[in-house]
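Here's the structure, in structure tokens; my notes come after.
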């Protein structure tokens, strides 16, 4: 017996595949933009712009992604999957807007830099707008539902509906206003016929019908979806808390990988969300992830200045600083003395002690 969600979703997806008006409108906007901006589809930062992906009256929209050779001849399963993935890695982009994508059926690979993450049906992701990425659909059975929301809609509408204790609130605030480093993405695996799937199906239904006030209803449904996902996130955290994630283990891993470690590395290594680990560090150390990482790098630098004859330029590069000037400035800000002055002080102490002997 077909589930309630399938009964709602299948006709909508069938209709969008048979009459992909969303793709046609996207091509029209691309042509208009390229004509207006001298044949450039995205800007030099490889950022996909709202003007290309939204109609003027839209604050939220839906894009069903599937292999449609009729409209996009190059978007085909005829080429080997791994070859398409390698090509996608070379053409990654980020967004001027927020994107949530939900894999309804089939399979797809999300490329984040050199990483390849294979998604299963039921996967739902929300990306940091600054995160370069590309998506490769595996075959003709794949239906990837993209929900796109203008950044301004969060500032003017959704942020007023989300409470500060909602996990998405900080994700979006940090992304929109740049108050601190935001996690690369938030991801979930939905159960069949969950409330989250119900909200998703209703958003698609509103998009397809395009009736009066559909935009408003879609935004409110999207907010309901975020709240429901936040509830799921809290449940996952409660379950994982029983495993007693060790703060010492996190700090130990950071110490071993101090030059290159990222929040996403910690998330993948310990199997907790980036947001959860970030909040755990703040709660028990009073410091943000980047502050702790910076302190580890500078501590290692002090050890090398004291115990080796390596040049300061070499030490700066070893602890992760590309430019000596940045290393000097950060070191002085932390210890109120430059690396050169610090090493000189140590040499003077050694000379003084030798004379005393």
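Residue numbers (our numbering): 662 to 1018.
We put the beta carbon where it would ideally sit given N, CA and C, even for glycine.
Rounded to the nearest angstrom, what separates residue i and residue j at their Cα positions?
{"i": "residue 857", "j": "residue 889", "result": "6 Å"}
{"i": "residue 734", "j": "residue 693", "result": "20 Å"}
{"i": "residue 912", "j": "residue 806", "result": "38 Å"}
{"i": "residue 944", "j": "residue 708", "result": "35 Å"}
{"i": "residue 752", "j": "residue 996", "result": "42 Å"}
{"i": "residue 957", "j": "residue 914", "result": "11 Å"}
{"i": "residue 773", "j": "residue 750", "result": "8 Å"}
{"i": "residue 984", "j": "residue 683", "result": "47 Å"}
{"i": "residue 631", "j": "residue 887", "result": "Nothing about residue 631 can be reported from this structure: the residues present for the chain run from 662 to 1018 only."}
{"i": "residue 870", "j": "residue 876", "result": "11 Å"}
{"i": "residue 864", "j": "residue 882", "result": "6 Å"}
{"i": "residue 685", "j": "residue 872", "result": "20 Å"}
{"i": "residue 928", "j": "residue 667", "result": "32 Å"}
{"i": "residue 670", "j": "residue 721", "result": "19 Å"}
{"i": "residue 719", "j": "residue 759", "result": "13 Å"}
{"i": "residue 998", "j": "residue 741", "result": "57 Å"}
{"i": "residue 713", "j": "residue 851", "result": "30 Å"}
{"i": "residue 907", "j": "residue 690", "result": "50 Å"}
{"i": "residue 1033", "j": "residue 987", "result": "This structure gives no information on residue 1033, because the portion of the chain shown stretches from 662 to 1018."}
{"i": "residue 991", "j": "residue 1003", "result": "13 Å"}
{"i": "residue 782", "j": "residue 711", "result": "27 Å"}
{"i": "residue 696", "j": "residue 754", "result": "21 Å"}
{"i": "residue 926", "j": "residue 936", "result": "12 Å"}
{"i": "residue 676", "j": "residue 910", "result": "51 Å"}
{"i": "residue 775", "j": "residue 715", "result": "29 Å"}
{"i": "residue 894", "j": "residue 848", "result": "9 Å"}
{"i": "residue 810", "j": "residue 681", "result": "20 Å"}
Residue i by DSSP, collapsed to three states: which one?
{"i": "residue 762", "result": "strand"}
{"i": "residue 1005", "result": "helix"}
{"i": "residue 718", "result": "coil"}
{"i": "residue 777", "result": "strand"}
{"i": "residue 987", "result": "helix"}
{"i": "residue 772", "result": "strand"}
{"i": "residue 755", "result": "strand"}
{"i": "residue 919", "result": "coil"}
{"i": "residue 926", "result": "helix"}
{"i": "residue 982", "result": "coil"}
{"i": "residue 725", "result": "strand"}
{"i": "residue 635", "result": "Any answer about residue 635 is impossible in this case: the structure gives the chain only from 662 up to 1018."}
{"i": "residue 891", "result": "helix"}
{"i": "residue 840", "result": "Summary for residue 840: the model assigns pLDDT 47, below 50, so the residue's position carries little reliability, and this model does not support an answer."}
{"i": "residue 731", "result": "coil"}
{"i": "residue 883", "result": "helix"}
{"i": "residue 1010", "result": "helix"}
{"i": "residue 998", "result": "coil"}
{"i": "residue 814", "result": "helix"}
{"i": "residue 993", "result": "helix"}
{"i": "residue 910", "result": "helix"}
{"i": "residue 903", "result": "Here the model assigns residue 903 a pLDDT of 47, short of 50, so the residue's position is not dependable, and the following value carries that caveat. Note: residue 903 maps to coil in three-state DSSP."}
Starting from residue i, trace the alpha helix (DSSP H) both ways and give me its first and last residue.
{"i": "residue 686", "result": "682-697"}
{"i": "residue 938", "result": "935-946"}
{"i": "residue 798", "result": "Per DSSP, residue 798 belongs to no alpha helix (DSSP H); it is in the beta strand (DSSP E), 795-798."}
{"i": "residue 979", "result": "973-979"}
{"i": "residue 678", "result": "665-679"}
{"i": "residue 955", "result": "950-968"}
{"i": "residue 767", "result": "Where residue 767 is concerned, there is no enclosing alpha helix (DSSP H), given that its DSSP letter is neither H nor E."}
{"i": "residue 865", "result": "856-870"}
Closer than 7 Å by C-beta to residue i: which residues in its own chain qualify, once you throw out the five before and the five after it? Chain order, please.
{"i": "residue 878", "result": "867"}
{"i": "residue 779", "result": "768, 770"}
{"i": "residue 961", "result": "919, 980"}
{"i": "residue 801", "result": "728, 738"}
{"i": "residue 989", "result": "999, 1000"}
In the DSSP assignment, find the beta strand (DSSP E) that holds residue i and state where it starts and stops.
{"i": "residue 804", "result": "804-810"}
What residues match up with residue i in a beta bridge as DSSP calls it?
{"i": "residue 850", "result": "784"}
{"i": "residue 877", "result": "DSSP output for residue 877 lists no bridge partner at all."}
{"i": "residue 708", "result": "755"}
Give me, in chain order, the residues of the same chain whose beta-carbon lies closer than 8 Å to that of residue i; leave out the 5 immediate sequence neighbours on both sides.
{"i": "residue 965", "result": "971, 976, 979, 980"}
{"i": "residue 679", "result": "none"}
{"i": "residue 1007", "result": "966, 967"}
{"i": "residue 799", "result": "738, 742, 767, 768, 769, 770"}
{"i": "residue 673", "result": "862, 865, 866, 869"}
{"i": "residue 916", "result": "957"}
If you drop the 5 nearest sequence neighbours on each side, which residues of the same chain put their C-beta closer than 6 Å to that of residue i?
{"i": "residue 885", "result": "860"}
{"i": "residue 762", "result": "786, 805, 807"}
{"i": "residue 724", "result": "683, 807"}
Any heavy atom of the ligand GDP closer than 8 Å to the beta-carbon of residue i?
{"i": "residue 862", "result": "Within the structure as shown, the ligand GDP is missing, as the structure has no ligands at all."}
So, does the CB of residue i fall closer than 9 Å to a CB anywhere in chain D?
{"i": "residue 976", "result": "Absence of chain D from the displayed structure is noted, only one protein chain being present."}
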